[in-house]
Amino acid sequence: MTAVYITEPGSILSVKNHHFQVMHKEKLCESIPVKQVTQIILFCLCQLSRLAVNLASSRQIPIYFISQQGQELGNCEPQSKRPAKYRVRQLKRLKDPEFVRAFAESITWAKMHNQSVLLQQLRVSNSAFEPEVYRAFFNLLMDDLPMAYSLDELRGYDVTSDTFYYPALGSLLPWNLGFRWRDLQQPTDPINRMLNLGNTLLHQQTSAFVQVLGLDADISHLHVPSQHQKPLVCDLMAEFRPMLVDELAVNLAKSRIITARDIVPKNGSGALLSPRALKTFIQHWENKLQTFVSHPQAGMVSYRHCLELQVREYIACVLGDVQHYRPLVWSLPKNDVAANTNELEAEYPILAKM
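Every number in this note's numbering is 427 more than the matching position in the sequence shown, counting from 1.
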């Protein structure tokens, strides 16, 4: 499986001798066999030849367009004349309030749990937050989730979690990176830029699995439609955001692979990742997706395969093959008590990093 990323402004994706070729200023930069390509991602000011578009369409290879700000501008995903395979079953589940509530609560709980684990893994001695504070705050929120009266109130818990989580994450990073809180609009620091881009790439990868496995991405249970993102995809990627996007961005910053110097001021307001930083992030993102972890049911699999497995888990839940959706959660830090880990394993699949 190969995702083709075209980032250099002015680059053109063409086809020759059964290969997708990336050309820049009439120079061949990359050549990939067509049969190996599963996704094509173009950044601002990059183009495709008509032959490349037609070939991607005939082989049902999705094409995604990303802005300089890291937002998805649009896509050319394979379209079927028939409704999605599981659309009718999804609509039936959508009318079942118990199903909707259970699924929404499950993915909210899992995201909070994984946020808490990441903060505990990244803690440092000079942080203003202590591990006990992390655990107490998130445990309180997670324990209170069943008392939320509605989906709107459940979304409120999610917002509360993020309001605590991102400043806590910032406290674990060098002050000169400028990351104080989450900025979705015009960030000027590298962490927010990497988070925005990472979430877009995670959305695209999850969307590809949702589409190819026969789900209607517009039928969701927690998230609502937005201009750039599909609500069901947002539902299914929520539990992965801390373990894939957040951890990657933080590790790249802490290891100084991407620094504040990699931010390029943008005309007007905000800033962009430099071309070098953009390519570096994409390289590490692909490495992250290919990283193997220990899955409780599937054994040693890549993070990319974990995404597919969770989409299949949701389908099984929709069809009634499993009683409830089981999100993937990180294992607790080793210094936590064994009783907590055993209780967690009884309810959720535990993912172990190798």
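Heads up, the beta-carbon is just placed ideally off N, CA and C, and yes, glycines get one too.
Fair warning: this is a prediction, and the values are worked out from it, not measured in the lab.
Is it true that the CB of residue j sits closer than 8 Å to the CB of residue i?
{"i": "Arg486", "j": "Val527", "result": "no"}
{"i": "Ala479", "j": "Ser441", "result": "yes"}
{"i": "Ala511", "j": "Pro617", "result": "no"}
{"i": "Asp589", "j": "Arg609", "result": "yes"}
{"i": "Ala537", "j": "Pro754", "result": "yes"}
{"i": "Glu740", "j": "Asn541", "result": "no"}
{"i": "Ala635", "j": "Gln466", "result": "yes"}
{"i": "Val660", "j": "Leu622", "result": "no"}
{"i": "Leu640", "j": "Val738", "result": "yes"}
{"i": "Leu734", "j": "His711", "result": "no"}
{"i": "Thr627", "j": "Leu572", "result": "no"}
{"i": "Thr434", "j": "Leu705", "result": "yes"}
{"i": "Gly497", "j": "Arg668", "result": "no"}
{"i": "Leu736", "j": "Ala743", "result": "no"}
{"i": "Leu596", "j": "Leu546", "result": "yes"}
{"i": "Leu455", "j": "Gln448", "result": "yes"}
Going along the chain, which residues of its own chain have a beta-carbon closer than 7 Å to the beta-carbon of residue i, five neighbours each way excluded?
{"i": "Ala575", "result": "Leu581, Tyr584"}
{"i": "Arg520", "result": "Phe526, Val745"}
{"i": "Pro658", "result": "Asp645, Ser647, His650, Val651, Pro652"}
{"i": "Phe591", "result": "Phe564"}
{"i": "Ser552", "result": "Confidence at Ser552 is low in this model, with a pLDDT of 47, below 50, so its placement is unreliable and the value that follows should be read with caution. There are no such residues."}
{"i": "Asp662", "result": "Ile534, Ser647, His648, Leu649, His650"}
{"i": "Trp757", "result": "Asn541, Val544, Met670, Leu778"}
{"i": "Leu604", "result": "Asp616, Pro617, Ile618, Ala680, Ala687"}
{"i": "Pro594", "result": "Arg607, Trp608"}
{"i": "Met727", "result": "Phe719, Ser721"}
With a threshold of 8 Å on Cβ separation, who are the neighbours of residue i within its own chain once the five nearest residues in sequence on each side are excluded?
{"i": "Leu568", "result": "Met539, Tyr584, Thr587, Ser588"}
{"i": "Ser729", "result": "Leu716, Gln717, Thr718, Phe719, Val720"}
{"i": "Leu600", "result": "Phe606, Ile618, Val677, Ala680, Lys681"}
{"i": "Val749", "result": "Glu740, Ala743"}
{"i": "Ser577", "result": "none"}
{"i": "Arg703", "result": "Asp689"}
Per DSSP, which one or two residues make a beta bridge with residue i?
{"i": "Cys473", "result": "Paired residue(s): none; Cys473 is not in a bridge."}
{"i": "Phe447", "result": "Val442, Ile459"}
{"i": "Met727", "result": "Ser721"}
{"i": "Ile468", "result": "Tyr432, Tyr491"}
{"i": "Lys454", "result": "His451"}
{"i": "Glu499", "result": "Ile493"}
{"i": "Ala807", "result": "One cannot answer for residue 807 here, as it falls past the ends of the chain, which runs 428 to 781."}
{"i": "Ile618", "result": "According to DSSP, Ile618 bridges with nothing at all."}
{"i": "Val756", "result": "Ile777"}
In chain order, what residues of the same chain lie with their CB nearer than 6 Å to the CB of residue i, ignoring the 5 residues before and after it?
{"i": "Phe530", "result": "His648, Tyr752"}
{"i": "Leu475", "result": "Leu440"}
{"i": "Gln631", "result": "Tyr491"}
{"i": "Pro505", "result": "Gln487"}
{"i": "Gln638", "result": "Glu504"}
{"i": "Tyr561", "result": "Ser543, Leu546, Gln547"}
{"i": "Val764", "result": "Caution is warranted here: a pLDDT of 46 is assigned to Val764, below 50, making its placement in the model unreliable, and no coordinate value can be reported."}
{"i": "Gln495", "result": "Cys471, Leu699"}
{"i": "Ile709", "result": "Tyr432"}
{"i": "Glu532", "result": "Leu572"}
Kindly give me the distance between the Cβ atoms of residue i and residue j, rounded to whole angstroms, as I take these residues to be in contact under 8 Å.
{"i": "Leu700", "j": "Ile684", "result": "Their Cβ separation, rounded to whole angstroms, is 12 Å, which puts Leu700 and Ile684 out of contact at 8 Å."}
{"i": "Phe492", "j": "Asn502", "result": "7 Å"}
{"i": "Leu472", "j": "Pro524", "result": "The Cβ separation is near 47 Å, so there is no contact."}
{"i": "Glu513", "j": "Leu642", "result": "Checking the sequence shown, residue 513 turns out to be Tyr, not Glu. 5 Å between Cβ atoms; contact."}
{"i": "Met664", "j": "Leu624", "result": "Not confirmed; about 14 Å, so no contact."}
{"i": "Glu499", "j": "His732", "result": "With a Cβ gap of about 23 Å, Glu499 and His732 do not count as contacting."}
{"i": "Ser438", "j": "His446", "result": "In fact, because the Cβ distance is near 15 Å, the residues do not count as touching under 8 Å."}
Quick one: does the C-beta of residue i sit closer than 7 Å to a heavy atom of the ligand FAD?
{"i": "Pro489", "result": "Ligands in the displayed structure: none, and consequently the ligand FAD is not present."}
Could you check whether the Cβ of residue i sits closer than 8 Å to any Cβ belonging to chain B?
{"i": "Arg753", "result": "Absent here is chain B; the protein component of the structure consists of one chain."}
- Cβ pair count under 8 Å reaching 3, the stretch 642-653 against the stretch 675-693: no
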